[in-house]
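Below: one structure, written as structure tokens.
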Amino acid sequence: MTDSDLLPVTAYSEPKAFQAERRGLFGRGWHPIAPLGALSQPGAYVALGYGGHPVFAMTGDDGTPRVFKNVCAHQQMLVLDNGRGVCERLRCRFHGWTYDRAGVLVSAPPPVAPDGDLSDHPLARCPSEATTALLCAAFEPDPVPFDPAPWAAADKLADMTLVGSQTAALAVNWKSVIDILVGESGLAGT
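Below is the structure:
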């Protein structure tokens, strides 16, 4: 690899470049959110941050997995911490707005309760589609049509049991992680 192969420093440090990449890479298209095996029962959830988009997938009482923005409809505070588990209801820790497993607001303390019908204030949903093994979502309201073909290789996951997971929050530009992974894999310069 030569210096001419390297990106300029501003590609790693300029906020405008980062925001453009965030929109281009993580704001458009379809993204894998969770293996369906992790959402096998009502109330099962997987919460994560995806390129600056806090989201979670949860299986409703009807057995349908859905993807939501992980922010309360009231003050946009996080509803779930990143991770996975099972819960009966979703409750924002900031003002106590409580949602059912389908994202419908079912209660709010009187001082901060919305006027009118509570069900008019649901959690924001993300468009989602399932393959044989994955639940995928889009972060834009009108995404391109879902194409399951690129996800076909992941269908092997349907025969596997999820026994654990590990996440890491890194305070670095995403390209730094890719640079390290590509360098360690020996793919650099190929």
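Counting from 1 along the sequence shown, just add 130 to a position and that's the residue number in this note's numbering.
For every residue, glycine included, the Cβ atom is placed at its ideal position computed from N, Cα and C.
{"Asked": "Residue span of the alpha helix (DSSP H) that contains P140, given as start and end", "Found": "Checking the sequence shown, residue 140 turns out to be Thr, not Pro. Here the alpha helix (DSSP H) through T140 covers 140-143."}
{"Asked": "Buried versus exposed, by CB contacts within 10 Å (16 or more), D230", "Found": "buried"}
{"Asked": "Residues bridged to H183 [DSSP beta-bridge criterion]", "Found": "Y180"}
{"Asked": "For E259: DSSP bridge partner residues", "Found": "C266"}
{"Asked": "Where F276 falls: helix, strand or coil (DSSP)", "Found": "coil"}
{"Asked": "DSSP beta-bridge partners of K199", "Found": "V185"}
{"Asked": "Identity of the residue in S170, Q206, D289, F148 nearest R196 by Cα", "Found": "S170"}
{"Asked": "Integer-rounded CB distance, given that G173 should sit under 8 Å from T194", "Found": "With 8 Å as the limit, T194 and G173 do not qualify as a contact, their Cβ atoms being about 12 Å apart."}
{"Asked": "Assumed close pair Y142, S306 - CB separation to whole angstroms, cut-off 8 Å", "Found": "7 Å"}
{"Asked": "Boundaries (first-last residue) of the beta strand (DSSP E) holding V216", "Found": "213-216"}
{"Asked": "Integer Cβ distance of P257 from P273, believed to fall under 8 Å", "Found": "5 Å"}
{"Asked": "Status (buried if at least 16 other CB within 10 Å, exposed otherwise) for C217", "Found": "exposed"}
{"Asked": "Residue from P162, A282, A243, E259 with nearest C-alpha to A203", "Found": "A243"}
{"Asked": "Residues that DSSP places opposite R219 in a beta bridge", "Found": "BP columns for R219 are empty, so no partner."}
{"Asked": "Separation of L136 from N212, as counted between CA atoms", "Found": "34 Å"}
{"Asked": "Which of helix, strand or coil DSSP assigns to G170", "Found": "According to the sequence as given, residue 170 is Ser; it is not Gly. Coil, per DSSP."}
{"Asked": "DSSP three-state assignment for P165, whether helix, strand or coil", "Found": "strand"}
{"Asked": "Proximity winner among T228, E151, R214, relative to M207 (alpha-carbon distances)", "Found": "T228"}
{"Asked": "8 Å CB neighbourhood of F156 in its chain, flanking five on each side removed", "Found": "Y180, G181, G182, H183, F269"}
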